[in-house]
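To keep things clear, I will list the structure first and then write my remarks on it.
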Amino acid sequence: MISKICVFAASSPGIDDIYLDDGRKMAGILLENKITMIYGAGSVGIMGAMADEILKNNGRLKGIIPEFMKNMGWAHPRLKNLEIVQTMHERKRLMMKEVDAIIAMPGGVGTLEELLEAITLKQLGQFLKPIIILNTNGFYDPLISHFQLMIDQNFMRPLHAKIWQVADHPSEIMDLIINEPDWDPDAIRFAAVEANIGRVRTSGQ
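Last residue of the sequence shown? That's 207 in this note's numbering, and every number before it is there in order.
The structure is reproduced here in structure tokens:
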């Protein structure tokens with residue numbers, strides 16, 4: 003049973019409506035499935051759009067935010083379930099703690115940093131749940147291509163491409179979460195890329 007999902011998402015106020023619309027759609031899916039959204043407590047951008055939709059419909063929502071961000075007035079003012087922490091590291095740790103999946107919505111460097119930490123932890127067998135990248139409007143195409151480049155040039159193993167799944171639309175996400183096979187807790191044994199699986203030759207060599 004899926005009861006809690008961590009959502010990484012933008013808190014930028016000036017983004018295109020296509021991203022906000024997908025945020026609201028995703029919030030609607032979480033509402034429909036009675037899933038608690040764990041997120042960064044923001045009030046604007048995709049964070050705010052999703053939180054507003056869930057709050058409007060009396061859904062389940064928890065925000066986690068560092069004190070210095072709360073002092074800047076960045077926490078959603080209508081959040082009843084708000085946890086204040088001291089550091090960004092603690093925020094990420096608690097957001098990912100005991101959740102059933104992670105969804106990475108489009109976002110800036112903060113969202114990207116959160117997504118990459120989750121992927122790294124799963125590669126090392128320290129996080130075992132599904133990680134779904136919502137690729138609204140092709141937003142993550144360059145990142146997904148770069149992941150493949152890492153694999154092609156032996157910075158990652160081919161099996162590491164199974165760490166994440168990509169959805170083009172919010173409607174695809176629940177099926178991806180439900181159908182993703184369990185990740186091996188011994189994945190750390192495969193974290194390193196073997197030196198003998200091939201080397202990339204640069205021009206002139």
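Even glycine gets a Cβ: it sits at the ideal position worked out from N, Cα and C.
As a quick exercise: from the options, pick the residue whose alpha carbon is nearest that of residue i.
| i | options | result |
| --- | --- | --- |
| S13 | G50, Y21, M28 and L32 | G50 |
| H91 | L84, R80 and E119 | E119 |
| I20 | I86, G109 and L57 | G109 |
| R80 | E55, G30 and K164 | E55 |
| M71 | L84, N59 and R62 | L84 |
| N139 | L178, D170, G127 and A29 | D170 |
Around the Cβ of residue i, are there at least 16 other Cβ atoms within 10 angstroms (buried) or fewer (exposed)?
| i | result |
| --- | --- |
| R191 | exposed |
| A106 | buried |
| G75 | exposed |
| P172 | buried |
| I231 | Residue 231 lies beyond the stretch modelled for the chain, which goes from 3 to 207, so this question has no answer here. |
| E116 | buried |
| L32 | buried |
| G16 | exposed |
| H148 | exposed |
| T113 | buried |
| Q125 | buried |
| V9 | buried |
| I180 | exposed |
Mind checking who residue i pairs with in its DSSP beta bridge?
| i | result |
| --- | --- |
| K6 | T38 |
| V87 | P68 |
| I105 | V9 and I134 |
| A77 | G44 |
Strictly under 8 Å for the Cβ-Cβ distance: is residue i near chain B by that measure?
| i | result |
| --- | --- |
| A120 | No chain B appears in this structure, which consists of one protein chain only. |
Nearer than 7 Å: is that true of the beta carbon of residue i relative to any heavy atom of the ligand NAD?
| i | result |
| --- | --- |
| M71 | Absence of the ligand NAD is noted for the structure shown, with no ligands found whatsoever. |
Counting only runs that start and end within the segment 13-70, where is the beta strand (DSSP E) found for 3 or more residues in a row? Along the segment 13-70, the beta strand (DSSP E) occurs as fully enclosed runs of 3 or more residues at 38-41 and 63-68, listed in sequence order.
Give the list of continuous alpha helix (DSSP H) stretches no shorter than 4 residues that lie fully inside the segment 159-194. 175-181
Taking only runs that begin and end inside the segment 127-162, name each unbroken beta strand (DSSP E) of 3 or more residues, in chain order. Scanning the segment 127-162 for uninterrupted beta strand (DSSP E) segments of 3 residues or longer gives 133-136, listed from N- to C-terminal end.
Are there three or more Cβ pairs, one per stretch, closer than 8 Å when the segment 129-137 is compared with the segment 63-77? no
At least 3 beta-carbon pairs within less than 8 Å: the segment 19-29 vs the segment 44-58: yes
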